[in-house]
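A.B. asks:
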Amino acid sequence: MDSESVVAQVQRKIELQAPEDLSYLIANVRRAAAERINEAFPVVDGNDGEDELRNHIEKLVNEYIDKTFSLASPNLSINGLPVSPDSFLSESKVEPDTVYEPFDTRKRRRVADLITQEEKLLEDVAALKRSVPATTAEAQAEQLRDSLKRDDDMLEARKQQIIAEAAEVDLDVQPLERQDGVEKGFRRAVEGLGRLKRDMPAVVAKMERARVAGEYVVTQGR
18 MDSESVVAQV QRKIELQAPE DLSYLIANVR RAAAERINEA FPVVDGNDGE
68 DELRNHIEKL VNEYIDKTFS LASPNLSING LPVSPDSFLS ESKVEPDTVY
118 EPFDTRKRRR VADLITQEEK LLEDVAALKR SVPATTAEAQ AEQLRDSLKR
168 DDDMLEARKQ QIIAEAAEVD LDVQPLERQD GVEKGFRRAV EGLGRLKRDM
218 PAVVAKMERA RVAGEYVVTQ GR
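Just so you know, we're using the numbering used here here: the sequence shown kicks off at 18 and counts up by one.
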């Protein structure tokens with residue numbers, strides 16, 4: 018049994034979910050190494066990448082990183098599958114070429130004009146925010162006043178029309194049939210209610226005395 022199989026049985030592999038996870042780890046290691054190289058060997062303007070010592074150190078560091086992950090690949094698995102060092106190391110070394118567009122003075126002026134136009138629009142919007150609410154409120158109030166005035170005028174005209182129509186009507190009110198009998202009956206009813214109001218306290222007092230006497234008789238008869 019070789020040493021690799023023994024290690025596989027004793028030590029569990031590091032599990033990754035996707036190839037991008039491994040690429041992310043390698044890229045972070047390369048980025049950290051590049052930062053340390055830049056601290057130790059700052060880039061000098063005018064060399065145009067001709068610093069031989071720096072280039073040699075970068076080469077050694079990258080080889081060391083490749084060797085480290087190559088040796089660690091048997092202990093890695095991506096979604097349960099073994100990892101091939103050639104696949105992820107070749108992908109990690111590929112870097113996109115950066116292409117810079119030549120400086121265009123016309124576009125620069127266009128950008129400046131757009132910035133000026135944006136500032137002017139912002140000023141106009143701020144002015145509208147200050148003036149439009151007051152103007153709108155005044156117009157709405159004026160419209161409401163006109164509407165109320167029209168309603169008042171229509172109401173007054175209708176009242177005058179009703180008064181004029183009522184003045185033209187000749188009202189002939191005849192006495193009610195049996196009016197005298199109705200009036201006498203009403204007077205008798207009012208007088209009866211008056212007597213009932215006067216006699217009510219005495220009747221209530223008599224009923225109360227009768228109730229007390231009844232309770233006394235019942236109590237003494239037990």
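Each residue gets a CB set at the ideal place from its N, CA and C atoms; glycine is no exception.
Out of curiosity, what's the CA-to-CA distance linking Ala222 and Lys214?
C.D. replies: Locating residue 222 in the sequence shown gives position 205, where the first residue counts as 1. Locating residue 214 in the sequence shown gives position 197, where the first residue counts as 1. Cα to Cα, Ala222 sits roughly 14 Å from Lys214.
A.B. asks: Between the beta-carbon of Ile95 and the beta-carbon of Leu33, is there less than 9 Å?
C.D. replies: On the sequence shown, residue 95 is found 78 positions in, with the first residue counted as 1. On the sequence shown, residue 33 is found 16 positions in, with the first residue counted as 1. Their beta carbons are under 9 Å apart, which means Ile95 touches Leu33 by this criterion.
A.B. asks: Would you mind giving the Cβ-Cβ distance between Ile74 and Phe58, rounded to the nearest angstrom? I have them listed as a contact below 8 Å.
C.D. replies: Against the sequence shown, residue 74 aligns to sequence position 57. Against the sequence shown, residue 58 aligns to sequence position 41. Confirmed, Cβ separation roughly 7 Å.
A.B. asks: Please determine, among Arg71, Leu106, Glu69 and Val100, the residue with the shortest C-alpha to C-alpha distance to Lys84.
C.D. replies: If you number the sequence shown from 1, residue 84 lands on position 67. Lys84 has its Cα closest to that of Leu106, out of Arg71, Leu106, Glu69 and Val100.
A.B. asks: So for Pro119, helix, strand or coil by DSSP?
C.D. replies: Numbered from 1 along the sequence shown, position 102 holds the residue referred to as residue 119. Note: Pro119 maps to coil in three-state DSSP.
A.B. asks: The beta strand (DSSP E) spanning Ser94 covers which residue range?
C.D. replies: In the sequence shown, residue 94 corresponds to position 77, counting from 1. Here the beta strand (DSSP E) through Ser94 covers Leu93 to Ile95.
A.B. asks: With 16 as the cutoff for other CB atoms within 10 Å, does Leu93 come out buried or exposed?
C.D. replies: Here residue 93 is taken as the residue at index 76 of the sequence shown, counted from 1. Per the 10 Å Cβ criterion, buried.
A.B. asks: Taking C-beta to C-beta, are Asn79 and Arg47 nearer than 9 Å?
C.D. replies: Along the sequence shown, one-based indexing puts residue 79 at 62. Along the sequence shown, one-based indexing puts residue 47 at 30. Going by C-beta atoms, Asn79 is nearer than 9 Å to Arg47.
A.B. asks: Rounding to the nearest angstrom, what Cα-Cα distance links Gln157 and Arg167 in this structure?
C.D. replies: Start at 1 with the first residue of the sequence shown, and residue 157 comes out as number 140. Start at 1 with the first residue of the sequence shown, and residue 167 comes out as number 150. About 16 Å.
A.B. asks: In angstroms, rounded to a whole number, what distance separates the CA positions of Lys110 and Glu135?
C.D. replies: In the sequence shown, the residue the question calls residue 110 occupies position 93. In the sequence shown, the residue the question calls residue 135 occupies position 118. For Lys110, the predicted structure reports a pLDDT of 49, less than 50, and the residue's modelled location is therefore unreliable. The matter cannot be settled from this model.
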